[in-house]
Amino acid sequence: MNRKILDTLLALVGACTFIPGLLEILFGLTGETYTWAILSFGGDYDLWRGLILVASGSLFFFTINQPISVQKRAQAVLASAMIWIVGGIEILSTVLNSIPGGEGSWFNTTSEFLSYYTGPFTPSLLLLPVSLVLVILVSSVEVKNDS
Amino acid sequence: MTILLMGHPNVGKSAVFNRLTGANITESNYPGTTVDFTEGYAFIEGEEYKIIDVPGTFSTEPKDEAEKVALDILAEHDDPIVIVVIDSTKVERGLYLAFEVMERGYRVLIDLNMWDDAEKHDLEIDVCQLEKILGVPVVPTVAISGKGISTLVENVPSASRTDIGELREKITNL
Amino acid sequence: MLDPEERWRLIDKLARETVEYGADRSTIGSVLAELTVKPLTGIPFALAVLYGFWGFFDAFAGFFTDGFFVPLFDDHWLPWIQNAFPLKGSWLYYILVGDPEAVNSFEALGMLTSGVFVAIGVVLPAIVAFYLIITILEDSGYMPRLAVLVDTVLHKIGLHGFAVVPMILSLGCNVPGVASTRTLETKKQRFMMMILLSVFIPCGAQLGVMLSLIPEFFGYIMIYLLAGFFVFGWILNRLIPGRSPEIITDVPPLRIPTFKNVSRKLWVKVKGFFTNAIPFVLLGVGLVNLLYLGGVISWLANSLEPLFTGWFGIPKETVAPLIAGFLRKDLAVAQLSAIDMSGFQLITSVVIISIYFPCIATFSMIIKEGRNSGGVIKVLGGSLLTLITVVFLWGGLLHLIGILLGVA
Ligand SMILES: Nc1nc2c(ncn2[C@@H]2O[C@H](COP(=O)(O)OP(=O)(O)OP(=O)(O)O)[C@@H](O)[C@H]2O)c(=O)[nH]1
Ligand SMILES: [Mg+2]
């Protein structure tokens, strides 16, 4: 894969991070929630998630146009790591929220338990696998250039 | 018999100490974790040794209270064996402290810790030659995995003093 | 003995003979390590890490406390012990079980009800979550990087001479934080940091309880405390004679934390909690109950009322948590959250709990360290003087802010 394709991908992921991030900041400030298809915005601490995604997206943009190097790779990893932190927390809290039963019983029933996993999801959660693939791609390109 | 573990901050002294004594003192990846000394005991070749984890020091001229603790410990003990723990990726500064300790006439054993990091950086250290020149045992270790610790233990009895005048001669003639 | 110059010369030569450096390839790890301390990339990443910290904490502690411990204690333990314990109406019942009619464990106020609930149900999950993250951050080498980053930012805004590593350590527990001031060079620095840390930096257990019981106020409380840290740091730096040289932190490489070391350190902390903290929490509850029975609390509350309501703007009932706070600040915060008061009053009283006096463990560490920092009398006198000034000024100022904002 050459640099052009890689840069296009970086720009694409960057945009897919930056724009939802902006939206999250917006919804965080107004305190509203909004669902579109399987994407959901809003909720507690949405402002923070938005700020982090915007920063991550900007960092992705920053890596574009640099020659393929360890620098570029590290920046992409750092930007992705920010997505992973936010997305990872999302997964963790969904899992931990789905287990206790609340009023009356210790554990949730199976159907209630499963209802936690049908979405809608926050942008960071959907971006998580995408950025993972991107990092793998960036790394693999590096290795080829090295040898 | 007393063994002192000395070295710069964050070189893995507490990790070595835990390995030697089976203790559970805090190791952290930042300098200045240990500011007070900890004692432990270990049997080496049938003899009981008291082992002391000393706070990190840059040199034998103390600059702060933690270093003062370290040097007090050094002065307090009667003819201890000093294991100078060195970060293998920063040999020079570690050797500086080792020299200072050797100059004071202590029995010294050098532990080149973080050997795994050195390998990762393609750093090659000629342990045999270092040993020959310095006249004290030099042992590479990886304290977190325990690699080399048994060799370190075996070499404790052969920790030795170095005549600094001779050492100077040897190095100058290299 | 050789002189330093000759020593370096010999070592240089020796190293040239025996050490061969590999080609200096910068690895992804070393570049990442740099990116985390540069403000432009480091600050956003630090933000993400803090978010992760908070998110993990919220999920983990919420899972145990709200998911399991609250129902366990409120629905099963509390009603059982209220009935099963003999001697209803006696002073022993009052101290151990507390209010026989209480329907939740916070408000029962007995050693075996509120005491055990706060210790096991609230503080334990909080500190496990807290220390788990702290340990991972420590072992990965991110902690000193955060310190360097904070230091850089402080310098940019003209604040010099703050020792950031002891500060971050203090967030875990003030005791090692105070101990680590030993690595500072001058008496002035040690004295300054010791006071600032023990007064303004809440410890892990307190942070944990604040995060799980009053998360909505957490941010305000921290901002106000940190502002106090820097304002009084700036003032003390000017008032105290002596030097405060720059502090150079050696930044270690980033590493992947090993499961073994993390679990071992966590275990040591949890064990320490069971042996050191739980007895103190129970003791704190018992002591407060005894003082209630003896009428000491109501006497104190009434005689201090003008000060509390007039100067600080908080209800006089906060006197009891303040007494418990000498032993454990986490317990004090938990007790405060059970008192009926406005949000702003809660913020003020938690701030005052944090700054009015270090807990006993920290206090004894200050006495111990004081010997190395200009003498116990001087350090103690200086600390108390600073402490009183800080409590009155900083606590009163918050009340004033509240009045100006129209919320107090
Ligand atoms: N990779 C690697 N890491 C190590 C090794 N030895 C120790 N460490 C890690 O290095 C860090 C520092 O180790 P410590 O044992 O706390 O260092 P110390 O010399 O006691 O430091 P101070 O008490 O601050 O003077 C910890 O995170 C250890 O897990 C080693 O041989 N290899
Ligand atoms: Mg140590």
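Protein chains in written order, with our numbering: chain V, 1 to 147; chain L, 1 to 174; chain S, 1 to 408. Where is the CB? At the ideal position from N, CA and C, for every residue including glycine. On a predicted model such as this, the values are computed, not experimentally measured, just so you know.
From residue i to residue j, what distance separates their C-alpha atoms?
i	j	result
A413/S	H155/S	No answer is possible for residue 413/S: it lies beyond the span of chain S, which begins at 1 and ends at 408.
N145/V	S26/S	Unreliable positioning characterises N145/V in this predicted model, as indicated by a pLDDT of 47, which lies under 50. The coordinate reading is nonetheless provided below. Going from the Cα of N145/V to the Cα of S26/S covers about 15 Å.
L304/S	K269/S	37 Å
L96/V	H76/S	23 Å
S147/V	D7/V	Low confidence applies to S147/V: its pLDDT is 35, below 50, so where it sits in the model is not reliable, and the reading given next is rough at best. Answer to the nearest angstrom: the Cα atoms are 21 Å apart.
Q75/V	D78/L	54 Å
A46/S	Y131/S	18 Å
P241/S	K378/S	13 Å
I403/S	G31/V	27 Å
A143/L	W54/S	33 Å
T33/V	P67/V	41 Å
L32/S	I133/S	20 Å
V130/V	L137/V	11 Å
T172/L	L97/L	19 Å
E48/L	S105/S	53 Å
T348/S	M222/S	12 Å
V127/L	Q189/S	42 Å
What residues from chain S crowd round residue i, counting only those whose CB sits closer than 8 Å?
i	result
V108/L	Simply none; closest approach about 15 Å.
T202/L	Since the displayed chain L opens at 1 and closes at 174, residue 202/L lies outside it and no answer follows.
L78/V	L32, L35, T36, T41 and F45
L95/L	I11, L14 and A15
Thinking C-alpha only, which one of the options is nearest residue i?
i	options	result
W106/V	G310/S, A163/S, L254/S and G67/S	G67/S
G161/S	M167/S, S244/S, Y220/S and K378/S	S244/S
F232/S	I248/S, I201/S and L47/S	I201/S
F27/V	R3/V, I136/V and P123/V	P123/V
E76/L	E154/L, E92/L, I52/L and V91/L	I52/L
L410/S	C359/S, I134/S, I127/S and Q82/S	Look at the range of chain S in this structure, 1 to 408, and you will see that residue 410/S is not part of it.
V123/S	V350/S, R328/S, G370/S and T348/S	R328/S
G115/S	D58/S, A277/S, D12/S and F85/S	A277/S
S364/S	L380/S, V351/S and G219/S	L380/S
V135/V	G50/V, F113/V, E24/V and L78/V	L78/V
I83/L	I164/L, E154/L and G22/L	E154/L
N261/S	R161/L, A159/L, I171/L and G146/L	G146/L
R145/S	F217/S, I127/S and V165/S	V165/S
L20/L	T38/L, S59/L and T33/L	T38/L
W170/S	L236/S, A147/S and P71/S	First, the residue type needs correcting, since residue 170/S is Ser and not Trp in the sequence shown. Of the candidates L236/S, A147/S and P71/S, the one whose C-alpha sits nearest the C-alpha of S170/S is A147/S.
A458/S	F273/S, L307/S, D340/S and F326/S	In the structure as shown, chain S begins at 1 and stops at 408. Residue 458/S is therefore absent and cannot be evaluated.
V141/V	L128/V, I52/V, V70/V and T35/V	V70/V
Which bits of chain A does residue i rub up against, with CB to CB less than 8 Å?
i	result
L2/S	Any reference to chain A falls outside this structure, whose protein chains are V, L and S.
Quick check: is any heavy atom of ligand 3 less than 8 Å from the C-beta of residue i?
i	result
W267/S	The ligand content of the structure shown is limited to ligand 1 and ligand 2, which means ligand 3 is not among them.
Would you mind telling me which residues of chain S sit closer than 7 Å to residue i, beta carbon to beta carbon, in chain order?
i	result
N29/L	E138, D139, S140, G141, P252 and R255
V48/V	Looking at the sequence provided, one finds Trp at residue 48/V rather than Val. Within chain S, the residues near W48/V are Y51.
R73/V	I28
N10/L	D250 and P252
Who are the neighbours of residue i on chain V, taking C-beta pairs under 9 Å?
i	result
D340/S	Simply none; closest approach about 25 Å.
In chain V, which residues lie less than 8 Å from residue i when you measure between Cβ atoms?
i	result
T27/S	V70
D58/S	S93
Below 9 Å on C-beta distance, what does residue i contact in chain L?
i	result
K188/S	The contacting residues do not exist; K188/S stays about 13 Å from chain L at best.
S244/S	Neighbours of S244/S on chain L: none; closest Cβ ~13 Å, over 9 Å.
Mind listing the chain S neighbours of residue i? Cutoff is C-beta to C-beta under 9 Å, in chain order.
i	result
V86/V	A48, Y51, G52 and G55
L12/V	Near L12/V there are no residues of chain S at all, since even the closest Cβ is about 20 Å away, more than 9 Å.
> Contact between the segment 9–16 of chain V and the segment 84–93 of chain V: three or more CB pairs below 8 Å?
Replying inline: no
>> Which complete alpha helix (DSSP H) runs does the segment 264–310 of chain S hold, if anything under 4 residues is left out?
In response: 278–293 and 296–305
>> For the structure I just gave you, are there three or more beta carbon pairs, one from the segment 252–261 of chain S and one from the segment 23–35 of chain L, closer than 8 Å?
In response: yes
>> Please give the ranges of any alpha helix (DSSP H) in the segment 91–157 of chain L, keeping only runs that are unbroken, at least 4 residues long and fully inside the region.
In response: 91–103, 115–120, 127–134 and 149–155
> Which ranges would you report for the alpha helix (DSSP H) in the segment 11–49 of chain V if only whole runs of at least 4 residues count?
Replying inline: none
> Which runs of the alpha helix (DSSP H) spanning at least 4 residues fall entirely within the segment 22–89 of chain S, listed in chain order?
Replying inline: 28–37, 39–64 and 78–84
> Taking three-plus beta-carbon pairs below 8 Å as touching, is the segment 52–64 of chain V in contact with the segment 9–19 of chain L?
Replying inline: no
>> I want to know whether the segment 393–403 of chain S touches the segment 306–313 of chain S - three or more CB-CB distances under 8 Å.
In response: yes
>> Which runs of the alpha helix (DSSP H) at least 4 residues long sit entirely within the segment 355–400 of chain S? Give them in chain order.
In response: 360–370
> Do the segment 121–132 of chain L and the segment 64–79 of chain L make contact, defined as three or more Cβ pairs closer than 8 Å?
Replying inline: no
>> Using 8 Å as the cut-off, can you tell me whether the segment 224–231 of chain S makes contact with the segment 172–191 of chain S, which would need three or more C-beta pairs spanning the two stretches below that distance?
In response: no
> Any chance the segment 344–359 of chain S sits against the segment 183–200 of chain S, with 3 or more Cβ pairs inside 8 Å?
Replying inline: yes
> Taking the runs of the alpha helix (DSSP H) that are 4 residues or longer, which of them lie wholly in the segment 7–66 of chain L?
Replying inline: 13–21
> Quick check: the segment 110–120 of chain L against the segment 130–139 of chain L, are there 3 or more CB pairs under 8 Å?
Replying inline: yes
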